[in-house]
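Undergrad: Chains as they are written, first to last, in my numbering: chain D, 7 to 176; chain A, 454 to 793.
Here it is, the structure in full.
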Amino acid sequence: MSLDPSSAVASLYSDHHGWLHTWLCGKLGNSFDAADLAHDTFVRVLGQRRADPAVPEVREPRGYLATIARGLMVDRFRRQSVEQAYLAALAAQPEASALSAEAHALLVEMLVLVDALLDRLGRRTREIFLLTQLDGLTQAEVARQTGVSLPTVRKHLARAYTECLLLAAA
Amino acid sequence: MNPELGTGPLGQARQGTRPALDRALLAQAAQWLVRLKDGPLDDRDAQALARWVARSEQHRQAWALAQAMQQQLDGMPAGLARPVLARAGAGADAQRRRTVRALAALLATGLLAAGVQRAAPWRPLLADFATGTGARRQTRLADGSLLELDTDTAVDLRFDATTRTLLLLRGEILVTTGKDAGHAGAHRPFVVETAQGRVRALGTRFAVREDGAGETRIVVYEDAVEVMPAQGVGPPRRVGPAQQLRFSAAQVLQEQAAPVQSDAWTRGMRVAVDEPLDRFLAEMGRYHRGVILCDAAVAPLRVTGAYGLDDVPAAVASLQDSHPVRVRFLTRHLIRVSAR
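Below is the structure:
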C-alpha cells in the first residue's frame, strides 16, 4: 500500500500502526493475524477517505482505528465460522460434489452476507426466514410452529427481504 | 441491468450506474415477495402487482431486482445452507456469550479436548505457547530445551520438581531437549503428552504431531524416545533415530523410516518426495487460512521438490510450471487445483 507522505492516512499509519498491532496481538493472541488485521484496517480507512475526501479530521484516532478493527474482527470470525460450518455440511452431503468450485465459492459468499444480515435482524427473524426460505413452510405453518401470529410472520419476512434488497441495491 | 458487468451473490449488478432505489420502494417490493412466497397470486392480486410495477421506471427496476434476488435466494441448496445459517452459535450475541462461557469452563478443566475448533478465537489465549494458521515459532525453555512450534499448534508447559512435561494440545512440535543442567538434583525426565499417550525423551531431538483425528505421530531425529499409548499394556515402545511411529490411545499403529527432511518446516520449507498431489495440498493447506480444493482428476499426480511455507498461494501456483494443472484463486480463502 503506497501512501502519499502528506496524506492524513499516512500520518495516521505512522503514528498509530504500531499501537494497533500490539492491541490486536492482545485480542488475537498472535502476531500474524494481528498484522493481517491491522493492514486491513488501514486499507479500510484509505478506502473511506478515497470515497469521501471531505470527511473531517479524526479527533480520537485510536478509538476510530479500534472501532474499525473490531468490526473487521467480527467479520473475520463470522467468515471463519461460516466456512467451517460449510465444510462440515459438505462432508455430510454427498450430492454437494455436483457443484463446481465456483458455485461453492459464490455460495459461501452469499452465506456470509445472509448470515450477517440475519444477525442484525435478530433470532426470531432468522428462524422465520429459514423456515420459509429453506424449509419451504407456508406462512401459516410457520406461524403455528413459532407460536406467533400470521401478520407477525409476514412482518419478519418482509423485513428480511427488505434488508436483503437494500444490500442488493447497494 | 447490464449482464456484461456481472452480478453479485444477491443478484445485484456490479458497478452499474442506476439511480438509487429508495427504502420505501424496496419495502413495497419486499411485501410483494412475501405474498408470492405463499403461493401463486389470484387474478385480482396479479393485476395489482402489474399496476404497481408499471407505476414508474423505479418501480420496474425495483421489481427486476426483487425477482433476481429471490431467484438467488431460492437457488441456495437447503442441504448446505441450513446447517450453516442455523448453526449453533450463529448470531453475534450467541457467539459472544459462548466465548466467555467456554473460556471459563476450559480454565477450570485445564486441558483442551483434541477436537478444538480451528476458528476459536480464544484458543491461542489459553495455551502457554501457541501459533495461528501459517505461523511458526521457536522458544528456549528454562531447562535449556529448544521448542519449535509448527502451524496451528498449542502447547502447555508443566515443569515441576520431578518431571519436565509438555502437553501437546494440537499441532506439531519439534523438541531439542536440554541437559537440564540448571536444575539441582537428578536429571528430570522430559515427556510430551498428547490425547493418545506419552512420549518420553531418551536423548535430544524429536517431533510430535497430534492430528486431531485420534492419532499421534512422532519422528526421532537424534537418539531415541519411548512411547506409551494411554491405554497401552506392557513395556513402552522404543523408537530410534530416522524412524517415524504413529500410535492411537489404544496401541502402537505403525513404524517406518522417517520421510526425507520431515523437519524442513522448522526452516520454513516443505520437502515432498514423489508425494501424491492431494496429500501434498492437504499438508500445504495446514499453513493456509482457507481451503485448497484438489480435483480428483489431478489428485494422483506426483510432487517432488522443496516448497516455501511462508507464501502458500505462491507455492501452489508454482505447481503450474511443473505439472499439467491449473490453479485458480476463487476467493481470498478458496484455491482450486484442476487439470489444465
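All C-beta atoms in this analysis are idealised placements derived from N, C-alpha and C, irrespective of residue type, glycine included.
Using three-state DSSP, classify MET722(A) as helix, strand or coil.
TA: Taking the first residue of the second sequence as position 1, residue 722(A) is located at position 269. In this structure, MET722(A) counts as strand in the three-state DSSP scheme.
Undergrad: Just checking: is the beta-carbon of ALA57(D) within a distance shorter than 9 Å of some beta-carbon in chain A?
TA: In the first sequence, the residue the question calls residue 57(D) occupies position 51. Output row for ALA57(D): interface = no.
Undergrad: Taking GLU108(D) as the query, report the chain A residues whose CB atoms sit under 9 Å from its CB, ordered along the chain.
TA: For the purposes of this step, residue 108(D) is taken as the residue at position 102 of the first sequence. Going along chain A in sequence order, the residues near GLU108(D) (Cβ under 9 Å) are ARG781, LEU783, ARG789.
Undergrad: With H, G and I counted as helix, E and B as strand and the rest as coil, what does DSSP make of SER13(D)?
TA: Residue numbering aside, residue 13(D) sits at position 7 when the first sequence is read from its first letter. The three-state secondary structure of SER13(D), taken from DSSP, is coil.
Undergrad: First and last residue of the alpha helix (DSSP H) that includes ALA519(A)?
TA: Residue mapping note: residue 519(A) aligns to position 66 of the second sequence, counting from 1. Element bounds for ALA519(A): 510-527.
Undergrad: Compile a chain-ordered list of the residues in the stretch 532-544 of chain A whose CB is closer than 8 Å to at least one CB of chain D.
TA: So the list reads GLY532, LEU533, ALA534, ARG535, PRO536, VAL537, LEU538, ALA539, ARG540, GLY542, ALA543, GLY544, given in the order they occur along the chain.
Undergrad: Give the straight-line distance between the Cα atoms of ALA677(A) and GLN649(A), rounded to the nearest whole angstrom.
TA: Taking the second sequence and counting its residues from 1, one reaches residue 677(A) at position 224. Taking the second sequence and counting its residues from 1, one reaches residue 649(A) at position 196. ALA677(A) and GLN649(A): Cα-Cα distance of roughly 19 Å.
Undergrad: Indicate whether at least one CB of chain A lies closer than 9 Å to the CB of MET7(D).
TA: Working through the first sequence from its first residue, we reach residue 7(D) at position 1. Only weak support is given to the placement of MET7(D): the predicted model assigns it a pLDDT of 42, under 50, and the value that follows is read from those uncertain coordinates. No - not a single Cβ of chain A is within 9 Å of the one on MET7(D).
Undergrad: Using a Cβ cut-off of 9 Å (strictly closer), state whether THR584(A) contacts chain D.
TA: Stepping through the second sequence from its first residue, residue 584(A) is reached at position 131. Cβ-Cβ to chain D under 9 Å: yes for THR584(A).
Undergrad: May I ask you to report which of helix, strand or coil DSSP gives THR562(A)?
TA: One-based indexing of the second sequence puts residue 562(A) at position 109. Residue confidence is low: THR562(A) scores 35 on pLDDT, short of 50, so the model does not pin down where it sits. No coordinate-derived value is stated.
Undergrad: By the criterion of Cβ-Cβ separation under 7 Å, what are the contact partners of ALA482(A) in chain D?
TA: The count along the second sequence starts at 1 and reaches residue 482(A) at position 29. Residues of chain D passing the Cβ test: LEU171.
Undergrad: For the alpha helix (DSSP H) that contains ARG150(D), what are its first and last residues?
TA: Position 144 of the first sequence, counted from the first residue, corresponds to residue 150(D). Unbroken alpha helix (DSSP H) run through ARG150(D): 145-152.
Undergrad: Using the DSSP secondary-structure output, state which residues sit across from ALA503(A) in a beta bridge.
TA: The residue labelled residue 503(A) in the question sits at position 50 within the second sequence. None, per the DSSP bridge assignment.
Undergrad: Who are MET737(A)'s beta bridge partners in DSSP?
TA: Reading the second sequence from its first residue, position 284 is the one you call residue 737(A). Beta-bridge pairing links MET737(A) to no other residue.
Undergrad: Who are the near neighbours of ALA175(D) in its chain, counting only those whose CB is closer than 8 Å to its CB and skipping five residues on each side?
TA: In the first sequence, the residue the question calls residue 175(D) occupies position 169. Counting only Cβ-Cβ distances below 8 Å, and skipping sequence neighbours, we find nothing.
Undergrad: How is the alpha helix (DSSP H) around GLY178(D) delimited, first residue to last?
TA: Nothing in the structure corresponds to residue 178(D), since chain D is present only between 7 and 176.
Undergrad: Determine whether the Cβ of ALA54(D) lies closer than 9 Å to any Cβ atom of chain A.
TA: Walking along the first sequence from the start, residue 54(D) turns up at place 48. A small fix is needed here, since residue 54(D) is Gln in this sequence, not Ala. So no, GLN54(D) is outside the interface.
Undergrad: Going along the chain, which unbroken runs of the beta strand (DSSP E) with 3 or more residues stay wholly within the stretch 83-148 of chain D?
TA: none
Undergrad: On the criterion of 16 or more Cβ atoms from any shown chain inside 10 Å, does ALA710(A) qualify as buried, or is it exposed?
TA: Walking along the second sequence from the start, residue 710(A) turns up at place 257. By the 10 Å Cβ count, ALA710(A) comes out exposed.
Undergrad: What in chain A is Cβ-close to VAL154(D), meaning under 8 Å?
TA: Looking up residue 154(D) in the first sequence gives position 148. The premise fails here: VAL154(D) is roughly 15 Å from chain A at the closest Cβ pair, so nothing lies under 8 Å.
Undergrad: Determine contact between the stretch 80-98 of chain D and the stretch 498-518 of chain A, defined as no fewer than three beta-carbon pairs at a distance below 8 Å.
TA: no
Undergrad: Rounded to whole angstroms, how far is the Cβ of VAL15(D) from the Cβ of VAL537(A), which I believe are closer than 8 Å?
TA: The residue given as residue 15(D) occupies position 9 in the first sequence. The residue given as residue 537(A) occupies position 84 in the second sequence. About 36 Å; that fails the 8 Å criterion.
Undergrad: In chain D, which residues lie less than 8 Å from ARG476(A) when you measure between Cβ atoms?
TA: By one-based count along the second sequence, residue 476(A) stands at place 23. Under the 8 Å cutoff, chain D gives THR168, LEU172.
Undergrad: Given a threshold of 16 other Cβ atoms within 10 Å of its Cβ, counted over all protein chains shown, does ALA111(D) qualify as buried or as exposed?
TA: Walking along the first sequence from the start, residue 111(D) turns up at place 105. ALA111(D) should be labelled buried.
Undergrad: Measuring only the C-alpha atoms, how far is ALA717(A) from ARG723(A)?
TA: Indexing the second sequence from 1 puts residue 717(A) at position 264. Indexing the second sequence from 1 puts residue 723(A) at position 270. Rounded to whole angstroms, the separation of the alpha carbons of ARG723(A) and ALA717(A) is 6 Å.
Undergrad: Report the CB separation of ILE626(A) from LEU599(A) in whole angstroms; it is logged as a contact under 8 Å.
TA: Within the second sequence, residue 626(A) is the residue found at index 173, counting from 1. Within the second sequence, residue 599(A) is the residue found at index 146, counting from 1. With 8 Å as the limit, ILE626(A) and LEU599(A) do not qualify as a contact, their Cβ atoms being about 10 Å apart.
Undergrad: Residues in its own chain within less than 7 Å of GLU736(A) by CB, not counting five upstream and five downstream?
TA: The count along the second sequence starts at 1 and reaches residue 736(A) at position 283. Answer for GLU736(A): ARG723, listed in chain order.
Undergrad: Taking contact to mean at least 3 C-beta pairs separated by less than 8 Å, is the stretch 134-146 of chain D in contact with the stretch 485-496 of chain A?
TA: yes
Undergrad: Taking the alpha-carbon positions, what's the GLY631(A) to ARG55(D) distance?
TA: Here residue 631(A) corresponds to residue number 178 of the second sequence, with the count starting at 1. Here residue 55(D) corresponds to residue number 49 of the first sequence, with the count starting at 1. Those two C-alpha atoms are separated by around 54 Å.
Undergrad: Name the one or two DSSP bridge partners that GLN696(A) has.
TA: For the purposes of this step, residue 696(A) is identified with residue 243 of the second sequence, where counting begins at 1. Paired residue(s): VAL673(A), ALA710(A).
Undergrad: What is the DSSP secondary structure of VAL765(A), reduced to helix, strand or coil?
TA: Within the second sequence, the letter at position 312 stands for residue 765(A). In the structure shown, VAL765(A) sits in a helix (DSSP, three-state: H, G or I).
Undergrad: Nearest-angstrom Cα distance between ARG160(D) and LEU140(D)?
TA: Here the question's residue 160(D) lines up with position 154 in the first sequence. Here the question's residue 140(D) lines up with position 134 in the first sequence. Computed Cα separation, rounded: 16 Å.
Undergrad: Name the one or two DSSP bridge partners that ASP81(D) has.
TA: Counting from 1 along the first sequence, the entry for residue 81(D) is found at position 75. Note: ASP81(D) sits in no beta bridge, so no partner.
Undergrad: Would you call the CB atoms of VAL644(A) and ARG653(A) closer than 9 Å?
TA: By 1-based counting over the second sequence, the position of residue 644(A) is 191. By 1-based counting over the second sequence, the position of residue 653(A) is 200. Taking 9 Å as the Cβ cut-off, VAL644(A) and ARG653(A) qualify as a contacting pair.
Undergrad: Along the chain, where does the alpha helix (DSSP H) containing ARG160(D) start, and where does it finish?
TA: Counting from 1 along the first sequence, the entry for residue 160(D) is found at position 154. From DSSP, the alpha helix (DSSP H) with ARG160(D) extends over 156-175.
Undergrad: For the stretch 505-524 of chain A, which residues have a beta carbon sitting closer than 7 Å to at least one beta carbon of chain D?
TA: Residues of the stretch 505-524 of chain A with a Cβ closer than 7 Å to any Cβ of chain D, in chain order: LEU518, ALA519, MET522.
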